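**Q** If you're matching positions, the sequence shown starts at 54 in our numbering and goes up one per residue.
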Amino acid sequence: MAAERFITLAIHTYPHALTLRKILESHGLDVRFENFVISGAGIPSGVRVKIKETDLPLALKIVESAESFPSAKLEMKMAGSYSTVLIPVDFSSDSMIACRAGFELAKKLSLHPVLLHAYATPYFNGSLDYADSFDPGLSPVVGDEIEGVQEEIDMRKESNRMMKSFRAKLDAALKESGMDGIDYSINISEGIPEEVILEYCRLTPPALVVMSTRGVDKKGEQLIGSVTAEVLDSCRVPVFTIPDNFDFTSVDSLKKMVYFCNLDQHDILSVDSLMRMFEYPEVDVTLIPVNDRAGNDIREKVNMLRDYFNKNYPMARFTTEVFPAKSFREDFENYDRQAHIQLLIVPNKKKNVFSRLFNPGIAHKLLFERDTPIVALPV
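1) Output needed for ILE76: all residues of its chain with C-beta closer than 6 Å, excluding positions within five of it in sequence on either side, in chain order.
2) Look up ARG101 in the DSSP assignment and give the residues it is bridged to.
3) Just to confirm, is the Cβ distance from VAL324 to ARG352 under 7 Å?
4) Consult DSSP for PRO246 and reduce its assignment to one of helix, strand or coil.
5) Buried or exposed for LEU322, please, with buried defined as at least 16 other CB atoms from any protein chain shown within 10 angstroms of its CB.
6) I want to check one thing, is the minimum distance from the CB of HIS80 to the heavy atoms of the ligand MG below 6 Å?
7) On the DSSP bridge assignment, give the partners of ASP337 in chain order.
8) List the residues that DSSP assigns as beta-bridge partners of VAL399.
9) Look up ALA171 in the DSSP assignment and say whether it is helix, strand or coil.
10) Here's the rule I'm using: 16 or more other beta-carbon atoms within 10 Å means buried, otherwise exposed. How should THR339 be labelled?
11) Given a cut-off of 7 Å, decide if LEU169 and ILE104 are closer than it, judged by their beta-carbon atoms.
12) Can we say the region 307-320 touches the region 277-297, given the rule of at least three CB pairs closer than 8 Å?
13) Tell me which same chain residues have a C-beta within less than 8 Å of the C-beta of LYS222, skipping the five on either side of it?
14) For the putative contact between LEU419 and VAL263, defined by C-beta atoms under 8 Å, what is the C-beta separation to the nearest angstrom?
15) List the endpoints of the continuous alpha helix (DSSP H) containing PHE381.
16) Output the boundary residues of the beta strand (DSSP E) element that contains LEU139.
17) Under the rule that 16 or more other beta-carbon atoms within 10 Å means buried, what is HIS393, buried or exposed?
18) Return the CA-CA distance between VAL399 and ALA56, expressed in angstroms with no decimal places.
19) Taking Cβ positions, are VAL102 and TYR67 nearer each other than 7 Å?
20) Could you give the residue range of the beta strand (DSSP E) that holds SER265?
21) Measuring only the C-alpha atoms, how far is PRO189 from VAL284?
22) Along the beta strand (DSSP E) that carries VAL292, what are the first and last residues, could you check?
23) Using DSSP with H/G/I as helix, E/B as strand and the rest coil, what is LEU71?
24) Helix, strand or coil for CYS152? Go by DSSP, reduced to three states.
25) Out of MET216, ASN401, PHE371, state which residue places its alpha-carbon closest to the alpha-carbon of VAL290.
26) Does the region 231-243 come within contact of the region 206-220, defined as at least 3 CB pairs closer than 8 Å?
27) Just grab the DSSP bridge partners of PHE376 for me.
28) Do you know how far the Cα of ARG214 is from the Cα of ALA112?
29) Does the distance from the CB of ASP384 to the CB of ASN298 come in under 7 Å?
The structure is reproduced here in structure tokens:
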């Protein structure tokens with residue numbers, strides 16, 4: 054009797070592959086691992102999760118069925134994320150753009166939208182007397198401190214009032230677009246906006262953060278966008294940003310994309326996650342390597358990635374562009390103008406505070422230099 058044939062169900066990093074194996078084995082499936090490397094390119098690409106060919110229908114039901122785990126939700130479970138999309142708002146028209154995209158993604162990925170607003174607390178100028186520092190009792194709140202507490206209460210009330218008004222406009226917009234059946238939550242917190250967003254993502258990581266940004270002309274004048282830049286640099290969940298002057302109609306309308314390659318395993322894992330999460334869209338994706346340490350074989354490696362993606366995602370069309378490091382910025386700007394790119398996809402590596410100050414990542418740079426939506430993927 055011939056041995057049972059095993060086929061590849063998914064490719065993941067080893068920790069995520071372990072989680073998937075536990076889920077599949079809990080349903081009685083036999084699961085095997087196999088290291089996966091693109092031949093000839095020398096790019097380590099994670100672990101193949103393999104199952105018996107006869108178990109494929111059950112495995113797909115486990116992974117994709119709404120009665121078990123939809124593919125997007127399975128990705129969130131494996132990544133330790135909650136089934137939410139976080140949408141920071143400041144009650145401006147820009148926030149409405151972010152809500153439109155965020156709710157559309159929530160509907161597409163079966164996520165629960167959470168609107169987050171942060172208001173800054175008043176600064177206390179009071180001083181602490183040396184003798185008071187040894188007083189074990191409670192000191193009365195007097196003078197300027199009373200005014201500060203009252204101001205904070207007033208700011209909280211004002212934030213609630215503005216959120217109520219914003220929700221009325223949002224509900225009307227959702228009804229007009231046919232998404233009025235989506236339930237959503239509200240979170241109003243005191244603190245510096247970027248710190249509130251990052252703390253929320255750390256404690257209850259969403260599947261995605263959707264933020265609006267100001268156009269390049271306004272960023273230069275007012276330094277608007279620093280909140281988004283800080284979130285991009287530090288957040289460890291995917292972030293989707295939309296400039297206020299971008300002609301956004303729908304997520305599905307974003308067909309022309311650029312993916313900036315690191316030429317490592319994260320490229321395959323990130324693209325695979327995006328393709329499956331967005332149900333294998335018909336898009337044009339240009340692969341552009343930004344790793345100048347690959348040497349003379351950089352074109353060969355990125356071409357192998359292109360061939361692999363075209364083979365595995367036939368609904369999409371993958372092409373490549375390789376720009377010299379010396380003229381990368383100028384060459385990319387020229388290409389962007391000619392190709393009319395609609396979405397930039399950036400694998401975003403975590404950096405320490407000094408690296409972020411003196412050598413900001415490519416996602417940070419693109420945020421301030423381009424009026425194009427960005428998806429930053431933490432790697």
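Backbone N, C-alpha and C fix where the C-beta goes; we use that ideal spot for every residue, glycine too. Remember, predicted model here, so these are calculated numbers, not experimental data.
**A** For this structure:
1) What you label residue 76 is simply residue 23 of the sequence shown in a count that begins at 1. So no residue of the chain qualifies.
2) In the sequence shown, counting from the first residue as 1, residue 101 sits at position 48. For ARG101, which the question treats as bridged, DSSP gives the partners ILE64, GLU87.
3) Position 271 of the sequence shown, counted from the first residue, corresponds to residue 324. Position 299 of the sequence shown, counted from the first residue, corresponds to residue 352. Their beta carbons are not under 7 Å apart, which means VAL324 does not touch ARG352 by this criterion.
4) Mapped onto the sequence shown, residue 246 falls at position 193. PRO246 falls in the helix class under three-state DSSP.
5) As a working mapping, residue 322 is identified with position 269 in the sequence shown. By the 10 Å Cβ count, LEU322 comes out buried.
6) As far as ligands go, the structure on display features none, and thus does not contain the ligand MG.
7) One-based indexing of the sequence shown puts residue 337 at position 284. LYS309, ARG370, per the DSSP bridge assignment.
8) What you label residue 399 is simply residue 346 of the sequence shown in a count that begins at 1. DSSP lists ALA429 as partners of VAL399.
9) Counting from 1 along the sequence shown, the entry for residue 171 is found at position 118. It is a strand residue.
10) As a first step, residue 339 is located in the sequence shown; it is residue number 286 there, counting from the start. Flag for THR339 reads buried.
11) In the sequence shown, counting from the first residue as 1, residue 104 sits at position 51. In the sequence shown, counting from the first residue as 1, residue 169 sits at position 116. No, Cβ-Cβ distance for ILE104 and LEU169 is not below 7 Å.
12) no
13) Here residue 222 refers to the residue found at position 169 when the sequence shown is read from its first residue. Within the same chain, Cβ atoms closer than 8 Å to the Cβ of LYS222 are found at MET149, the five residues on either side in sequence being excluded.
14) As a first step, residue 419 must be located in the sequence shown, where it is residue number 366. As a first step, residue 263 must be located in the sequence shown, where it is residue number 210. Taking a contact as a CB-CB distance under 8 Å, the pair LEU419 and VAL263 does not count as one, their CB atoms being some 17 Å apart.
15) One-based indexing of the sequence shown puts residue 381 at position 328. Where PHE381 is concerned, the enclosing alpha helix (DSSP H) stretches over 381-392.
16) Taking the sequence shown and counting its residues from 1, one reaches residue 139 at position 86. Segment 137-141, the beta strand (DSSP E) holding LEU139.
17) Looking up residue 393 in the sequence shown gives position 340. Burial call: exposed.
18) On the sequence shown, residue 399 is found 346 positions in, with the first residue counted as 1. On the sequence shown, residue 56 is found 3 positions in, with the first residue counted as 1. Rounded to the nearest angstrom, the two C-alpha atoms are 43 Å apart.
19) As a working note, residue 102 is residue 49 in the sequence shown. As a working note, residue 67 is residue 14 in the sequence shown. Cβ distance not < 7 Å, so VAL102 and TYR67 don't count as in contact.
20) For the purposes of this step, residue 265 is taken as the residue at position 212 of the sequence shown. Element bounds for SER265: 261-266.
21) Residue 189 sits at position 136 when you count from the first residue of the sequence shown. Residue 284 sits at position 231 when you count from the first residue of the sequence shown. Any reading at PRO189 is ruled out, since the residue's pLDDT is 47, under 50, leaving its predicted position unreliable.
22) Within the sequence shown, numbered from 1, the residue matching residue 292 stands at position 239. Here the beta strand (DSSP E) through VAL292 covers 292-296.
23) Taking the sequence shown and counting its residues from 1, the one referred to as residue 71 is at position 18. Looking at LEU71 - three-state DSSP - the assignment turns out to be helix.
24) Counted from its first residue, the sequence shown places residue 152 at position 99. In the structure shown, CYS152 sits in a helix (DSSP, three-state: H, G or I).
25) Here residue 290 is taken as the residue at index 237 of the sequence shown, counted from 1. It is ASN401.
26) yes
27) As a working mapping, residue 376 is identified with position 323 in the sequence shown. Answer is none; PHE376 lacks a bridge partner.
28) Translated into positions along the sequence shown, residue 112 becomes position 59. Translated into positions along the sequence shown, residue 214 becomes position 161. Going by the C-alpha atoms only, they are around 49 Å apart.
29) The count along the sequence shown starts at 1 and reaches residue 384 at position 331. The count along the sequence shown starts at 1 and reaches residue 298 at position 245. Their beta carbons are not under 7 Å apart, which means ASP384 does not touch ASN298 by this criterion.
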